[in-house]
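>
In my numbering, the protein residues as written are 9 to 160.
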């Protein structure tokens with residue numbers, strides 16, 4: 009991970025096609041296996057809302073889809089709902105998928121330029137995006153969720 013003051017960049021390779029990766033990022037039946045149990049909900053059209061809710065419907069994060077190129081790139085805003093102290097900030101998340109043979113390079117960029125409290129909350133030393141990406145890799149390569157206790 010590259011961690012700058014206003015941006016985090018995570019990248020890794022996953023033994024999966026861009027199609028399978030895209031489905032895992034956009035299919036609410038699959039996201040709970042690697043995204044802290046949350047269900048993604050969106051039409052993934054530009055301007056559409058995007059939500060990450062717990063199975064009981066409790067919102068954790070919401071935003072708006074800014075750009076969407078299926079199997080290549082997804083950009084959306086990110087507003088944390090699980091912590092009222094952070095609910096007034098909006099940051100941006102970008103996913104890039106780059107096929108490499110039978111694998112894909114996955115790049116996740118979280119831009120905090122307009123969200124300093126969110127940057128601090130999700131900053132260096134926090135497991136957030138590392139757990140999501142490691143969980144995504146494990147899920148796609150083994151078919152099973154990553155078994156990892158929550159850091160405390």
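Heads up, the beta-carbon is just placed ideally off N, CA and C, and yes, glycines get one too.
This one's a predicted model, so the numbers in the text were calculated from it and none came from an experiment.
(1) Can you list, in chain order, the residues of its chain with a C-beta nearer than 8 Å to that of residue 54? Leave out the 5 residues immediately preceding and following it.
(2) Secondary structure at residue 95, three-state DSSP: helix, strand or coil?
(3) Assign residue 150 to buried or exposed, taking buried as 16 or more other Cβ atoms, counted over all protein chains shown, within 10 Å of its Cβ.
(4) What does residue 140 pair with, by DSSP beta-bridge criteria?
(5) Once you ignore the five residues that flank residue 62 on each side, which residues in its own chain have a CB closer than 8 Å to its CB?
(6) So, for residue 34: in the same chain, excluding its five sequence neighbours on each side, which residues have a beta-carbon less than 7 Å away from its beta-carbon?
(7) Shortest alpha-carbon distance to residue 115 belongs to which of 148, 138, 43?
(8) So which of 23, 95, 64 has the shortest CA-CA distance to residue 40?
(9) Do residue 21 and residue 112 have their C-beta atoms closer together than 8 Å?
(10) Measure the CB-CB distance between residue 123 and residue 98 and report whether it falls below 8 Å.
(11) Assign residue 145 to buried or exposed, taking buried as 16 or more other Cβ atoms, counted over all protein chains shown, within 10 Å of its Cβ.
(12) Look at residue 58 and residue 84 and say whether their C-beta atoms are less than 8 Å apart.
(13) Using three-state DSSP, classify residue 34 as helix, strand or coil.
According to the data block:
(1) Position 46 of the chain shown, counting from 1, holds the residue named residue 54. So the list reads 73, 74, 75, 76, once near-sequence residues are dropped.
(2) By 1-based counting over the chain shown, the position of residue 95 is 87. In the three-state scheme derived from DSSP, where H, G and I count as helix and E and B as strand, residue 95 is classed as coil.
(3) Start at 1 with the first residue of the chain shown, and residue 150 comes out as number 142. Flag for residue 150 reads exposed.
(4) On the chain shown, residue 140 is found 132 positions in, with the first residue counted as 1. In DSSP, residue 140 forms no bridge with anything.
(5) Position 54 of the chain shown, counted from the start, is the residue given in the question as residue 62. Setting aside the 5 residues that flank it on each side, residue 62 is surrounded in the same chain by 45, 46, 47, 68, each with a C-beta closer than 8 Å to its C-beta; the list follows chain order.
(6) Working through the chain shown from its first residue, we reach residue 34 at position 26. So the list reads 48, 52, once near-sequence residues are dropped.
(7) In the chain shown, the residue the question calls residue 115 occupies position 107. Comparing C-alpha distances from residue 115 to each of 148, 138, 43 shows the shortest one belongs to 138.
(8) As a first step, residue 40 must be located in the chain shown, where it is residue number 32. The option with the nearest alpha carbon to residue 40 is 64.
(9) Within the chain shown, residue 21 is the residue found at index 13, counting from 1. Within the chain shown, residue 112 is the residue found at index 104, counting from 1. In this structure, residue 112 lies closer than 8 Å to residue 21 by Cβ.
(10) The sequence position of residue 123 within the chain shown is 115, counting from 1. The sequence position of residue 98 within the chain shown is 90, counting from 1. In this structure, residue 123 sits near residue 98, with a CB-CB distance shorter than 8 Å.
(11) In the chain shown, residue 145 corresponds to position 137, counting from 1. Residue 145 should be labelled buried.
(12) As a first step, residue 58 must be located in the chain shown, where it is residue number 50. As a first step, residue 84 must be located in the chain shown, where it is residue number 76. Result yes, Cβ atoms of residue 58 and residue 84 sit closer than 8 Å.
(13) Within the chain shown, numbered from 1, the residue matching residue 34 stands at position 26. The answer is helix: DSSP assigns residue 34 an H, G or I state.
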